Structures are given as structure tokens and as C-alpha cells.
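Report on the following structure.
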Amino acid sequence: MSITAIKGMNDVLPGEVETWQFLEQSARDVFSLYGFSEIRTPIAEKTELFCRSIGETTDIVEKEMYTFNDKSNHSMTLRPEGTAPVMRAFIQNHLHNLDPVSKLYYMGPMFRYERPQKGRYRQFHQLGVEVLGVEDAKVDAQVLAMLHQYFARIEIDSVSLQINSLGCPECRPGYQQELIAYLESRLDQLCVECQRRYQTNPLRVLDCKAAGCQAATIDAPSVLDHLCSSCNDHFTQVKYYLNALQVPFKVNSRMVRGLDYYVRTTFELVTDQLGSQNAVAAGGRYDGLVESLGGPALPGIGFAIGLERLVLMKNEQRISPATPQLFIAALGKEATDRAFVLMSQLQIAGVRAEMDYLGKSLKAQMRRANKLNAAFTLILGEDELESGQAQLKNMSDSSQSIIALESLVATLSKKLGQVSTYS
Ligand code: HAM
């Protein structure tokens with residue numbers, strides 16, 4: 217039997233990849249308007265980085281990491297997310313010495329050993345951004361405005377933004393204690409998983425999909441009623457600036473995140489188009505993370521968008537691959553050789569040119585030109601070589617014009633060179 221891909225890890229084929237390229241390019245365009253620069257980190261890191269940042273008791277660290285020992289017996293992990301590696305690179309390369317505010321973006325594969333289903337894979341791709349060095353709520357609002365602009369740019373409007381504040385190390389422990397006490401009184405209604413984790417990670421119970429847990433937590437205390445005054449002010453300002461920037465949002469006090477580094481603002485962009493995998497993007501503030509990883513005490517905020525989920529949502533509006541601008545159909549060895557050189561010269565001059573490599577009949581070559589959706593065709597046979605002229609056929613209206621072979625490259629590159637990549 218032939219070898220297949222690893223479960224939950226997918227190929228992106230021609231015909232699909234154009235949508236990916238469009239989504240990636242749009243991200244580069246929008247993020248650069250806000251002053252973000254790209255950062256690329258390795259896809260594997262020392263395992264410890266993720267345990268210390270994401271949190272030992274999270275699902276990701278407990279169950280989902282691709283961790284293995286290399287040949288020197290060092291434990292390494294395929295990155296399950298991008299924030300921790302970016303923080304590691306930020307600290308290691310002293311980026312804070314270059315600028316008090318760093319705005320970074322990244323895109324690439326992440327790995328989580330989850331149960332694959334629609335919208336959830338073991339290798340998936342994120343488009344992420346991180347801002348380091350600013351505590352001001354304006355940055356929270358600006359990052360969300362940028363996310364909003366990106367979705368407008370890629371023309372996906374069936375998403376809504378939910379925001380919450382998870383408090384800080386000052387106010388969250390008190391809230392957690394109250395939540396634990398509340399859960400303790402309803403322990404028999406919780407699922408086995410939540411009975412196990414309610415003490416170590418009580419907030420996750422609010423997020424559990426099990427009907428019993430949802431019913432048991434309907435009247436659970438709200439984190440927003442337990443914020444200290446500075447977290448409360450910060451959250452009020454985030455909402456104020458979001459309104460000022462006309463970014464629509466809903467407050468969802470039950471929204472918690474699966475990573476431990478968050479403080480204060482957290483958010484998710486959700487859709488009802490993807491079944492249970494409803495978060496298309498998510499993120500928040502992580503003010504203590506850089507310091508806890510051995511760097512300076514700098515606040516941070518960011519988000520990551522799940523690219524596969526965007527692609528699923530863009531499926532109806534597939535972007536077509538670039539089609540040839542010219543197909544040269546040649547007959548006979550001499551004409552085929554001439555066509556081959558012409559095609560190369562046209563490509564160098566910036567024209568998307570194609571020809572037949574398989575020695576097919578003229579009819580079959582024209583069929584292929586049609587199938588490839590070539591804008592123009594040029595037929596080259598003995599007669600054309602002799603007269604030094606050939607017919608250029610416009611495939612959309614079948615009009616023909618005579619063109620001199622001598623000036624073919626100059627004429628065509630002038631005529632066709634400006635056609636956009638996505639036709
Ligand atoms: P996250 O919520 O774990 O956050 O992931 C962000 C997004 O990645 C999700 O909303 C989803 O769209 C996508 N995603 C996650 N897991 C999968 C999967 N198995 N298959 C397909 N898509 C998936 C983070 O990763 C944080 N690092 C985000 C962040 C950046 N926070 C601050 N800065």
C-alpha cells in the first residue's frame with residue numbers, strides 16, 4: 217500500500233493554495249499598516265518553554281504536545297502555538313533594546329495532538345501578532361481594530377467578537393477561590409474531567425461543553441464582578457476605545473482561554489459556520505509572561521487566527537489560480553524548438569506563457585489551451601516560420617491579429633505583462 221500523510225496533517229494543493237496565499241498576503245498588507253514586522257522562529261523549541269508559559273495543567277501541555285527526545289536525549293516539542301516561541305526569541309535577541317515597543321507578526325504551522333475533525337487538525341496554521349511594551353488599553357483596542365480590518369479585507373463578515381477580562385494576579389486568586397467553593401457545592405453535576413481539574417484550573421469548568429457542567433455553572437460567580445479597581449478601569453477603557461474605533465463586540469464573562477498566561481483582556485472571534493470549532497481567532501493580554509520567562513518586566517498582548525478555519529469559511533469564494541496569458545501551439549520539430557525559446561523569452565519578460573511538452577496534435581494542444589484558460593493562443597507551424605508572422609488569437613472573443621515573430625516578445629510583454637497575478 218502506498219504511504220499516506222499523517223492523520224490530522226493535510227496537504228494544501230494547487231487550487232486551494234491560492235486562497236491561502238490571498239489570506240497570508242492580506243495579513244501582511246493589513247499588519248504592515250499598523251507597523252508590525254514579521255518574525256520567524258523554529259518549529260521546535262525546548263519542551264520547558266511551553267510548560268512554563270502555557271501552563272502545566274492546561275490541555276495543551278497535559279495531553280496535546282508533540283514532545284520527543286532528540287538523539288542527544290534533549291526533550292523538544294513541536295510548537296503548539298506561536299506566543300511562547302516569539303517571547304523566547306524576543307528575550308534571547310534583546311529586541312526590547314532596539315525599541316521600547318515591539319510589534320511582531322508570524323505565520324506558520326503549529327502542532328497539537330487533538331482528535332481531528334472539521335476545523336481541528338494536528339498540524340494547523342496560525343497567523344499571529346504580538347505587541348510588547350504597552351499596558352495602555354489603546355493597544356488592546358488597536359489590536360482588535362486590526363483584527364476587524366483584516367476580516368473586512370478578506371470579506372468574512374459572519375464573525376463576532378467576544379471580550380472578557382480575566383483579572384490579574386492581584387484579583388484573580390480571590391475569584392478562583394470563590395469559584396472553587398461554588399463548584400464544590402455542585403461537584404456531583406460536573407463531568408469526570410472537571411471533577412478532576414476544578415481545583416487546579418477552575419475557570420476551565422466554565423468553558424466545558426458537557427451539559428451537566430454548563431447547567432451547574434449557570435449561576436457561577438462572574439469574573440467581572442471580582443476585578444480589582446485597576447483591572448476594572450483597564451477593561452472599561454478597552455470598551456471605550458473599541459466603541460471609539462467602531463469595532464463591534466460583546467462582553468462574555470464566561471469566556472476563558474486554554475492557556476495560563478493570560479491576564480486582563482481576553483477575546484475570541486467566533487462564528488456559527490464551523491460547528492463546534494467556532495473560534496476563528498483568539499488572544500489576549502499576557503503582562504507577566506516575558507518576565508516569567510527570564511526577560512524584562514514588559515506587558516504584552518496578541519492574537520492568533522486559525523488559517524484552516526478561515527479557508528473553510530472562504531471556500532465558497534475560491535480564488536482561481538493564475539492562468540497562462542499565452543499558449544503557444546507548435547507543430548513540427550523546428551516550430552516546437554522556436555516556440556520553446558519564445559516561451560522562455562516571454563517568461564523572462566514577465567508574461568505567463570505555456571506550451572505543450574508531450575508532442576500532441578494541434579487539436580489536442582488547443583484543447584489544453586482552453587482547459588488552462590489561456591487568454592491568448594499563438595499557432596506556430598512551418599508557414600509561420602517561413603513568413604515570420606503568426607496569428608494571435610484572443611480566446612475570449614475569438615478575434616485574431618497578425619503579429620511579427622521578430623517583435624513577438626516586445627509586443628506581447630507590452631500588451632500582456634500588466635495582467636494581475638490573480639486573474
Ligand atoms: P489558541 O486559542 O490556542 O491561542 O489558538 C488560536 C486559534 O488557532 C484558534 O482560535 C483556532 O482558530 C486556531 N486553532 C487552535 N487549535 C487548532 C487546531 N487544532 N486546528 C485548527 N485550528 C486551531 C493561541 O494559540 C495563542 N497563542 C493566541 C495568542 C497570541 N494569544 C496572544 N497572542
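Everything in the sequence shown is counted per the working numbering, starting at 217 for the first residue and increasing by one.
For every residue, glycine included, the Cβ atom is placed at its ideal position computed from N, Cα and C.
Note that this is a predicted model, so its numbers are computed, not measured.
Thr-433 vs Thr-273 beta-carbon contact at 9 angstroms:
Working through the sequence shown from its first residue, we reach residue 433 at position 217. Working through the sequence shown from its first residue, we reach residue 273 at position 57. No, Cβ-Cβ distance for Thr-433 and Thr-273 is not below 9 angstroms.
Run the proximity test for Val-345: is its beta-carbon closer than 8 angstroms to any non-hydrogen atom belonging to the ligand HAM?
Residue numbering aside, residue 345 sits at position 129 when the sequence shown is read from its first letter. It does: the Cβ of Val-345 is within 8 angstroms (strictly closer) of some heavy atom of the ligand HAM.
Residue of Leu-311, Leu-505 and Met-323 minimising C-alpha distance to Gln-237:
For this step, residue 237 is matched to residue 21 along the sequence shown. With distances taken between Cα atoms, Gln-237 lies closest to Met-323.
Identify, in the order they occur along the chain, each residue of the same chain with its Cβ nearer than 6 angstroms to the Cβ of Leu-632, setting aside the five sequence neighbours on each side.
Residue mapping note: residue 632 aligns to position 416 of the sequence shown, counting from 1. Answer for Leu-632: Gln-541 and Val-567, listed in chain order.
According to DSSP, what are the bridge partners of Asn-285?
Within the sequence shown, the letter at position 69 stands for residue 285. Asn-285 pairs with Ser-291.
Comparing C-alpha positions only, which one of Ala-513, Gln-581 and Met-326 sits nearest to Pro-316?
One-based indexing of the sequence shown puts residue 316 at position 100. Among Ala-513, Gln-581 and Met-326, the Cα nearest to that of Pro-316 belongs to Ala-513.
For Tyr-638, count neighbouring C-beta atoms within 10 Å of its own C-beta (all shown protein chains included) and say buried if the count is 16 or more, exposed if not.
Translated into positions along the sequence shown, residue 638 becomes position 422. Low per-residue confidence applies at Tyr-638: pLDDT is 40, beneath 50, and the placement is therefore not dependable, though the value from the model is reported in the following sentence. Burial call: exposed.
Do Ala-497 and Ala-520 come within 9 angstroms of each other at the CB atom, strictly closer than that value?
Looking up residue 520 in the sequence shown gives position 304. Looking up residue 497 in the sequence shown gives position 281. It is a contact, given that the beta carbons lie within the stated cut-off.
Ile-270 to Ile-517, Cα distance in whole Å?
Within the sequence shown, the letter at position 54 stands for residue 270. Within the sequence shown, the letter at position 301 stands for residue 517. In a straight line, the C-alpha of Ile-270 is about 15 angstroms away from that of Ile-517.
C-alpha gap between Thr-257 and Glu-346, whole angstroms:
Position 41 of the sequence shown, counted from the start, is the residue given in the question as residue 257. Position 130 of the sequence shown, counted from the start, is the residue given in the question as residue 346. If you take the alpha carbons of Thr-257 and Glu-346, they lie about 13 angstroms apart.
What ranges does the beta strand (DSSP E) occupy inside the region 317-393, keeping only unbroken runs of at least 3 residues that lie completely in it?
318-327, 339-348 and 376-381
Nearest-angstrom Cβ-Cβ length linking Arg-420 and Arg-413, presumed shorter than 8 angstroms:
As a working mapping, residue 420 is identified with position 204 in the sequence shown. As a working mapping, residue 413 is identified with position 197 in the sequence shown. Indeed, because the Cβ distance is near 6 angstroms, the residues count as touching under 8 angstroms.
Taking 8 angstroms as the cut-off, is the C-beta of Ala-353 nearer than that to any heavy atom in the ligand HAM?
The residue you call residue 353 lines up with position 137 of the sequence shown. Incorrect: Ala-353 has no Cβ contact closer than 8 angstroms to the ligand HAM.
Stretch pair the region 557-566 + the region 603-612: three plus CB contacts closer than 8 angstroms
no
Any contact of the region 363-379 with the region 321-337, i.e. 3+ C-beta pairs under 8 angstroms?
no
In terms of DSSP beta bridges, what is Ala-569 paired with?
By one-based count along the sequence shown, residue 569 stands at place 353. The partner list for Ala-569 (beta bridge, DSSP) reads Leu-542.
Buried versus exposed call for Glu-358 [16 or more other C-beta atoms within 10 Å across all chains shown]:
Here residue 358 corresponds to residue number 142 of the sequence shown, with the count starting at 1. Per the sequence shown, the amino acid found at residue 358 is Gln instead of Glu. Per the 10 Å Cβ criterion, buried.
Which residue's Cα is closest to the Cα of Gly-548: Arg-480, Gly-597, Gln-462 and Arg-331?
Walking along the sequence shown from the start, residue 548 turns up at place 332. Here the closest residue by C-alpha is Gly-597.
From Leu-621 to Val-228, what distance separates their C-alpha atoms?
Taking the sequence shown and counting its residues from 1, one reaches residue 621 at position 405. Taking the sequence shown and counting its residues from 1, one reaches residue 228 at position 12. In a straight line, the C-alpha of Leu-621 is about 40 angstroms away from that of Val-228.
Only counting the same chain, and skipping five residues up and downstream in sequence, which positions put a Cβ closer than 7 angstroms to that of Ser-623?
For the purposes of this step, residue 623 is taken as the residue at position 407 of the sequence shown. For Ser-623, where only same-chain residues beyond five positions count, there are no Cβ hits under 7 angstroms.
Could you tell me whether the region 432-451 touches the region 462-472, using the rule of 3 or more Cβ pairs below 8 angstroms?
yes
Distance cut-off 8 angstroms: Gly-500 Cβ against heavy atoms of the ligand HAM
Translated into the one-based positions of the sequence shown, residue 500 becomes position 284. Yes, the ligand HAM has a heavy atom inside 8 angstroms of this Cβ.
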